Amino acid sequence: MPKFSIIIPVYNVEEYIERCLDSVFNQSFKDFEVILVDDGCTDKSIEKAKKYDLTIIKSAHEGVSEARNIGVKKAHGQYLLFLDSDDYWEKDLLKELDKSTENNPDVIRFQIQTVNDNKEITKYEEETFENLTGKKAFEKIVKFHFIDSCWCYAYKMSYYKKEKFAFKKGTVHEDFGLVPLIILKAKKVNSIKYIGYDYYRRSGSIMNNKNYDWTKRKVDDMYYHYNNLLEESKEIKGDLKIFKSYIANCMILKITELNNKDYRIYLKKLKNNKVFDNLLTDTLPRKVKRVLLKISPKVYYKLIKR
């Protein structure tokens, strides 16, 4: 059984796939397996990937969520990681993660940095910690940042599969629909200082697409995930006010990307669904406060008087 299983969904990234795979196979820690999921590539991505010692699984172009799910089913490692095929790792990431597994955490968070086409780097560093419960870890992370994508965490395989975690097929913002629950349900979470993930902001990537139909779909899917997270969290005991406030914050910020007509429709939907009731004043980001003051002064002043 390898220490780490690395799942890499691939779709037409022939320009970046070798950089991605080199960053994995040049790791200073060598006990891992790589599962590459071919999500219907029509370029030379897979041809280039075949030069490496990895497992290739074909998928019927069902999207990144299902590609990740397919990869997980074939994984045998003690810990699970996801890597996007146009991104790459720093060489000691697995070494640092291996050190952090000594106390047997369910989830390990590591730090990231973004790199753009001009090779400009922006670092995102958060507070480090060990042995926190999922709820405490969640509260620490969201105090300063949004819950990041699935690829800046390592997950204990037995925990991931026991809880039957899976990405929702056919949706965008699939990470928002899953990662908060993974953290919240964990018995033990670590966060290490090492900046190990290089997120490449390429101009043509799916999440940088400015088409309005795509923007609206992202809002629709996020609203679906919001409701699903509330439903899934019902089985978790204890105070979930911060969790509910966080996902409400995310939803409110997301609708600001819509045009005026759709914005008003969604605002009414959020009010009817009592999304604002889940907000906590001391967890509101400044941007959310500005949005609330603009769209509903009554709600805003009601919140700050709590």
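Going from the sequence shown to my numbering is simple: count from 1 and add 2.
Glycine residues also receive a C-beta, built at the ideal position from the N, C-alpha and C atoms.
Note that the structure is predicted; figures quoted are calculated from it, not measured.
Ranges of the beta strand (DSSP E) found wholly within the stretch 79–157, counting only runs of at least 3: 81–84, 109–118, 123–126 and 131–134
The stretch 45–60 contacting the stretch 9–27, beta-carbon criterion three pairs below 8 Å: yes
K182 - containing beta strand (DSSP E), residue span: To locate residue 182, count along the sequence shown from 1; it is residue 180. First, the residue type needs correcting, since residue 182 is Pro and not Lys in the sequence shown. From DSSP, P182 is part of no beta strand (DSSP E) but of the alpha helix (DSSP H) over V181 to K187.
Backbone secondary structure at S193 - three-state DSSP: Along the sequence shown, one-based indexing puts residue 193 at 191. Of the three classes helix, strand and coil, the one that applies to S193 here is strand, per DSSP.
Whole-number beta carbon distance between H78 and K7, since they are thought to touch under 8 Å: For the purposes of this step, residue 7 is taken as the residue at position 5 of the sequence shown. For the purposes of this step, residue 78 is taken as the residue at position 76 of the sequence shown. At residue 7 the sequence reads Ser, which differs from the Lys that was named. At roughly 6 Å, the Cβ-Cβ gap stays under 8 Å, so S7 and H78 are in contact.
For L38, the first and last residue of its enclosing beta strand (DSSP E): On the sequence shown, residue 38 is found 36 positions in, with the first residue counted as 1. Start and end: F34 to D40.
Residue of I114, H63 and N106 minimising C-alpha distance to L85: By one-based count along the sequence shown, residue 85 stands at place 83. The option with the nearest alpha carbon to L85 is I114.
Element boundaries [beta strand (DSSP E), containing I9]: To locate residue 9, count along the sequence shown from 1; it is residue 7. First-last of the beta strand (DSSP E) with I9: F6 to V12.
Beta-carbon contacts of V15 that lie in its chain and below 7 Å, excluding the five residues immediately before and after: Taking the first residue of the sequence shown as position 1, residue 15 is located at position 13. Only S47, S87 and D88 meet the Cβ criterion.
Touch test, the stretch 162–181 against the stretch 93–106, Cβ-Cβ under 8 Å, three pairs minimum: Proximity of the stretch 162–181 to the stretch 93–106 falls short of the contact definition, fewer than three beta-carbon pairs being nearer than 8 Å.
Beta carbon of F148 nearer than 8 Å to that of C252: For this step, residue 148 is matched to residue 146 along the sequence shown. For this step, residue 252 is matched to residue 250 along the sequence shown. Yes.
Cβ-heavy atom distance, E20 to the ligand NAD, below 7 Å: Ligands in the displayed structure: none, and consequently the ligand NAD is not present.
Contact between the stretch 69–78 and the stretch 156–175 (3+ Cβ pairs under 8 Å): yes
Buried versus exposed, by CB contacts within 10 Å (16 or more), N2: Here the chain covers residues 3 to 308 and nothing more, so residue 2 does not appear.
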